[in-house]
Amino acid sequence: MAGKVTIIVHSGDMDKVYSAFIVANGALAMGMEASLFFTFWGLQRLKKGELEKGPLSKMNMLGLGKWMVKRRMKKAGAASLERLLQDFHELGGKILACDMTMQIMGIKKEDLRDDLISDYCAVGTYIDEAKDSTITLFI
Amino acid sequence: MAEIKVDCTGETCPIPLVETRKALRKAKEGDIVEVTGTHPASKKEIPMAVKALGLELIDVQEEGGMWKIKIRK
Chain A
417 MAGKVTIIVH SGDMDKVYSA FIVANGALAM GMEASLFFTF WGLQRLKKGE LEKGPLSKMN
477 MLGLGKWMVK RRMKKAGAAS LERLLQDFHE LGGKILACDM TMQIMGIKKE DLRDDLISDY
537 CAVGTYIDEA KDSTITLFI
Chain B
2 MAEIKVDCTG ETCPIPLVET RKALRKAKEG DIVEVTGTHP ASKKEIPMAV KALGLELIDV
62 QEEGGMWKIK IRK
């Protein structure tokens, strides 16, 4: 394994979660390790049935903008977030869930897709992952 | 020694790269993975991944917007 990517997924916006997964999957595909640390609004996307539910970060227009973008993405052959998540998991990517966000927002383990989450942790784990990473991003 | 075919026609970023990696992970040493697709950037980027993975790029061909990349594990 040549290098590692660690990404803080802070945003729960659909387009930003796409960016996180695309970068992470690209890294895994090129032989790197990848860890995604989901916190705040990002963590909402790991709730059961919520992965595709994020709004568009700009011009969401009560969902109309998102609908238009999703339609264009489908036409372009873009993968769903679910597929990207499954590929990420299959290629050995690690998903970390922020436990403070869970406390603040009243999210329980059983609300989350526990089978895909490697660890429930805090900043220490992020730093531990990031200190050996060649790429680290905040999305 | 097997030849594994991966069809990524019509797929876009990052799927051709990811599907190539998935096939290479499953392949045994010496197997050939042949990826076909239409996403323009992947034609450049799959060879980058092959290099990063330390594998052998055998051939890259393109005809009418359709490319074919052969890799040996």
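Chains as they are written, first to last, in the numbering used here: chain A, 417 to 555; chain B, 2 to 74. Cβ atoms here follow ideal geometry from the backbone N, Cα and C, with glycine treated the same way. On a predicted model such as this, the values are computed, not experimentally measured, just so you know.
What does the Cβ neighbour count give for residue i, buried or exposed, with the cut at 16 atoms within 10 Å?
| i | result |
| --- | --- |
| residue 507(A) | buried |
| residue 67(B) | exposed |
| residue 430(A) | buried |
| residue 64(B) | exposed |
| residue 454(A) | buried |
| residue 548(A) | exposed |
| residue 510(A) | buried |
| residue 31(B) | exposed |
| residue 12(B) | buried |
| residue 503(A) | buried |
Leaving out the 5 sequence neighbours to the left and right, which residues in its chain are closer than 8 Å to residue i when beta-carbon positions are compared?
| i | result |
| --- | --- |
| residue 524(A) | 518 |
| residue 10(B) | 37, 38, 39 and 67 |
| residue 462(A) | 454, 511, 513, 528, 529, 532 and 533 |
I'd like the list of long-range same chain contacts for residue i, defined as Cβ closer than 7 Å, with 5 residues on each side in sequence excluded.
| i | result |
| --- | --- |
| residue 516(A) | 538 |
| residue 546(A) | 422 and 552 |
Nearest-angstrom Cα distance between residue i and residue j?
| i | j | result |
| --- | --- | --- |
| residue 3(B) | residue 47(B) | 20 Å |
| residue 80(B) | residue 535(A) | This structure leaves residue 80(B) out entirely; chain B is present only between 2 and 74. |
| residue 8(B) | residue 17(B) | 8 Å |
| residue 35(B) | residue 443(A) | 21 Å |
| residue 530(A) | residue 62(B) | 43 Å |
| residue 487(A) | residue 480(A) | 11 Å |
| residue 501(A) | residue 464(A) | 13 Å |
| residue 542(A) | residue 472(A) | 26 Å |
| residue 6(B) | residue 426(A) | 38 Å |
| residue 477(A) | residue 483(A) | 10 Å |
| residue 440(A) | residue 424(A) | 11 Å |
| residue 469(A) | residue 27(B) | 33 Å |
| residue 419(A) | residue 43(B) | 21 Å |
By Cβ distance below 6 Å, which residues in the same chain neighbour residue i in space, the five residues on each side in sequence not counted?
| i | result |
| --- | --- |
| residue 73(B) | 33, 57 and 59 |
| residue 21(B) | 36 and 47 |
- Does the segment 491–506 of chain A come close enough to the segment 417–435 of chain A to have 3 or more Cβ pairs within less than 8 Å? yes
- Along the chain, which unbroken stretches of the beta strand (DSSP E) at least 3 residues long are found entirely within the segment 422–484 of chain A? 449–454
- Query: Touching or not, the segment 442–462 of chain A and the segment 43–61 of chain B, by the rule of three or more beta carbon pairs under 8 Å?
  - Reply: yes
- Item | Within the segment 7–35 of chain B, ranges of the beta strand (DSSP E) (whole runs, at least 3 residues) | none
- Entirely enclosed beta strand (DSSP E) segments - the segment 497–525 of chain A, minimum 3 residues: 510–514
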